[in-house]
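2 protein chains.
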Amino acid sequence: MLQPLSNCAIIGAMTGTPRQRARAQAIEDIKRIAKEQLAREGSAALSLRAIARELGIVSSAVYRYVPSRDDLLTMLIVDAYNSLGDAVEAAEGACARDDLRGRWLALGSTARAWAVERPSEYALIYGSPVPGYQAPVEQTGDPGTRVSFLLLALLVDVERRRPPSAPLSGPLGEDLAALRDTLGLEIGDDLLARGYLAFTAMFGLISFEVFGQYRGSFTDCAAHFEHQLGRLADLLGI
Amino acid sequence: MLQPLSNCAIIGAMTGTPRQRARAQAIEDIKRIAKEQLAREGSAALSLRAIARELGIVSSAVYRYVPSRDDLLTMLIVDAYNSLGDAVEAAEGACARDDLRGRWLALGSTARAWAVERPSEYALIYGSPVPGYQAPVEQTGDPGTRVSFLLLALLVDVERRRPPSAPLSGPLGEDLAALRDTLGLEIGDDLLARGYLAFTAMFGLISFEVFGQYRGSFTDCAAHFEHQLGRLADLLGI
DNA sequence: AACAAAAGAGAGCATCGCTCTTGCCAGGAC
DNA sequence: GTCCTGGCAAGAGCGATGCTCTCTTTTGTT
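As structure tokens, this is what we get:
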């Protein structure tokens, strides 16, 4: 299980020499303003010059703290992954471990609430990739898998309660077997496939809502989401 | 049912005065190069100056044909919606009308194939909105609903074969009733909700694949997609 | 107090979207 | 056939971007 890493920046700001503290604080300020800009203007309009203006310094000074605009975006993506991971882990961890359905519902509801509250940050990690920019996996890798690992852990607990199912044949069966190997988790093909579908459908629901694809079909998106989350729980057999 | 409108540009290029033909051809050239740029660089890197360079004209000349970069984006979005609509309508229309499952599978497979072939155009319509730009609904409205209308028509045929289900209560029930009213379609609450889930899950699956969220979990994404499409057909009871 | 490292300032380069003015040139009216 | 007007391209220019370079100032450390 992954550790909550998102507060390491705060820890960093409290330790070290005054120079290091000031530097960490400056980076935090830059990221804070960047997130505000992101929420106002969108990811492509993220401007280091505008950040510098708002910070009251000249644009070239920002480069003392951030190597480039793309690196700043990567930092924000990592932050977003960790923020989402923190929220979902906390909510899921508050459930009784044997309350499988409750854990799934908590996971989903919290992810949706997080996304609806920060649509711009959600778009950063689950939207179409920012053009001309591919987030480096070595940076985003671990934080980017926290939610999926949470679901996988849930699936392991589900599997324990269910009779073992026959493995799937064909190319999908081979892929699932390979996944089982690399992850080292005991989840049958059937449940693993159902889990993938539930996970993808859940983020599909969130994306449709956040990105405005419903075009106002629902006045109460939360009710719709909860309803569908229940259906997905049924699909998982919990 | 909506007409296939996407070839009106070609019709426009064949008719009218030489002036109008040349103008329509120029706009087509601009859009073609824009799509190539989109595929290479991404939507935010879409540059009118680069288009002008590739076209061998000066940047200001492009503004004779395209009012602004945002308007060009809107044109591309409408084109993408229509291209996807054409493909899906053709594939679904080739199925026997009473082959409900076949129609659903054709709809989904074709949508996925279209998206995998043109990830940049898919991102344009189903990705996170291009920053600082909201596609005007009056332009994208009709083409943007073609696929959903196809699914709704399918759901109507499904409903005819199924025993009527009890309406849902609560806010979701009210939303679904309002949808039934405005659309004028006879689809029960239960099936309508299932249809929404299936639709959203399908595009969630496509988005996860196209946007690289699976991080290489599947060597055969098509097999995985077909498998899940079958599960969603089961969910629809077809 | 002196030093060195870090931070900031400013100029500059290439790019972008977009506007304006200036010519040019061909299609349509006569 | 000629004339003229409307559409078209060119070019300069404005404000903005990311990023680099150099120079100066600040500041923590010794």
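Chains A and B supply the protein sequences, listed in that same order.
Going by the numbering used here, 94 is the number at position 77 of the first sequence; the sequence numbering is gapless.
Going by the numbering used here, 127 is the number at position 110 of the second sequence; the sequence numbering is gapless.
Ideal placement from N, C-alpha and C gives every residue a C-beta, glycine not left out.
Reference residue i, options the options, closest by Cα
| i | options | result |
| --- | --- | --- |
| A:Ala39 | A:Ala61, A:Lys52 and A:Tyr82 | A:Tyr82 |
| B:Phe242 | A:Thr217, A:His241 and A:Gly233 | A:Thr217 |
| B:Arg120 | B:Asp174, B:Val95 and B:Ala69 | B:Asp174 |
| A:Thr91 | A:Ala111, A:Arg70, A:Pro146 and A:Leu222 | A:Pro146 |
| A:Asp192 | B:Gly161, B:Ala183 and B:Ser234 | B:Ser234 |
| B:Glu138 | B:Lys52, B:Tyr231 and B:Ala41 | B:Lys52 |
| A:Ser100 | A:Ala69, A:Arg129, A:Ala113 and A:Met219 | A:Arg129 |
| A:Asp87 | A:Ile74, A:Leu172, A:Ser64 and A:Ser182 | A:Ser64 |
| B:Glu176 | B:Phe228, B:Ile204, B:Ala140 and B:Pro184 | B:Ile204 |
| A:Gly125 | A:Leu141, A:Val105 and A:Arg114 | A:Val105 |
| B:Thr199 | B:Ser224, B:Gly247, B:Leu169 and B:Glu58 | B:Leu169 |
| A:Phe228 | B:Pro160, B:Ala67, B:Phe220 and B:Ala215 | B:Phe220 |
| B:Leu253 | B:Arg49, B:Ala67, B:Ser182 and B:Arg118 | B:Arg118 |
| B:Arg211 | A:Gly212, A:Leu249, A:Leu189 and A:Arg232 | A:Leu249 |
| A:Leu208 | A:Gly187, A:Gln230 and A:Arg178 | A:Arg178 |
Listed by chain order, chain B residues near residue i by CB distance under 9 Å
| i | result |
| --- | --- |
| A:Ala210 | His241, His244, Gln245 and Arg248 |
| A:Ser64 | None at all; the shortest Cβ gap to chain B is about 11 Å. |
| A:Leu12 | Any question about residue 12 of chain A goes unanswered here, given that chain A covers just 18 to 255. |
Burial state of residue i, where buried means 16 or more other Cβ atoms lie within 10 Å
| i | result |
| --- | --- |
| A:Ser60 | buried |
| A:Thr236 | exposed |
| B:Ile28 | Only weak support is given to the placement of B:Ile28: the predicted model assigns it a pLDDT of 43, under 50, and the question is left unresolved by the model. |
| B:Asp206 | buried |
| B:Pro180 | exposed |
| B:Thr34 | exposed |
| A:Met18 | Confidence is the limiting factor: at A:Met18 the pLDDT is only 37, short of 50, which leaves the residue's position unreliable, though a coordinate-based value still follows. The residue is exposed, with fewer than 16 neighbouring Cβ atoms inside 10 Å. |
| A:Gln245 | buried |
| B:Tyr98 | buried |
| B:Ala56 | exposed |
| A:Tyr143 | buried |
| A:Asp79 | For the record, residue 79 of chain A in the displayed sequence is Val; it is not Asp. The residue is buried, with at least 16 neighbouring Cβ atoms inside 10 Å. |
| B:Pro84 | exposed |
| B:Ala195 | exposed |
| B:Glu134 | exposed |
| B:Pro21 | With a pLDDT of only 37 at B:Pro21, under the threshold of 50, the placement of this residue in the model should not be trusted, and no figure is reported. |
| A:Ser224 | buried |
| A:Val164 | buried |
Chain-ordered chain A contacts of residue i [CB-CB under 8 Å]
| i | result |
| --- | --- |
| B:Asp192 | Ser234, Phe235, Thr236, Asp237, Ala240 and His241 |
| B:Ala97 | Within chain A, no residue comes near B:Ala97; the closest Cβ sits about 13 Å away, beyond 8 Å. |
Bounding residues of the alpha helix (DSSP H) (the contiguous stretch that carries residue i)
| i | result |
| --- | --- |
| B:Phe225 | Asp206 to Val227 |
| A:Pro136 | Pro136 to Tyr143 |
| B:Val95 | Arg86 to Gly110 |
| B:Glu176 | Arg163 to Arg177 |
| B:Ile255 | Per DSSP, B:Ile255 belongs to no alpha helix (DSSP H) and is neither H nor E. |
| A:Asp192 | Gly187 to Leu200 |
| A:Pro35 | Pro35 to Glu58 |
| B:Arg114 | That residue, B:Arg114, is in no alpha helix (DSSP H); it is neither H nor E in DSSP. |
| B:Leu65 | Leu65 to Leu72 |
Where residue i meets chain A, residues with beta-carbon distance less than 9 Å
| i | result |
| --- | --- |
| B:Pro188 | Phe235, Thr236, Asp237, Ala239, Ala240 and His241 |
| B:Ala140 | Gly144, Ser145, Pro146 and Pro148 |
| B:Leu196 | Ser234 and Phe235 |
Contact test: residue i Cβ vs the ligand FAD heavy atom, cutoff 7 Å
| i | result |
| --- | --- |
| B:Tyr213 | Summarising the ligand content, the structure contains no ligands, and the ligand FAD is consequently not present. |
Chain-ordered chain B contacts of residue i [CB-CB under 7 Å]
| i | result |
| --- | --- |
| A:Thr217 | Ala218, Gly221, Leu222 and Phe225 |
| A:Ala104 | Here the premise fails: no neighbours, minimum Cβ distance about 19 Å. |
| A:Ala43 | Simply none; closest approach about 25 Å. |
Contact list for residue i against chain A, beta-carbon separation under 7 Å
| i | result |
| --- | --- |
| B:Phe166 | Per Cβ cutoff of 7 Å: no residues; B:Phe166 is ~13 Å from chain A at best. |
| B:Leu214 | Ala218, Gln245 and Arg248 |
| B:Ala130 | Here the premise fails: no neighbours, minimum Cβ distance about 17 Å. |
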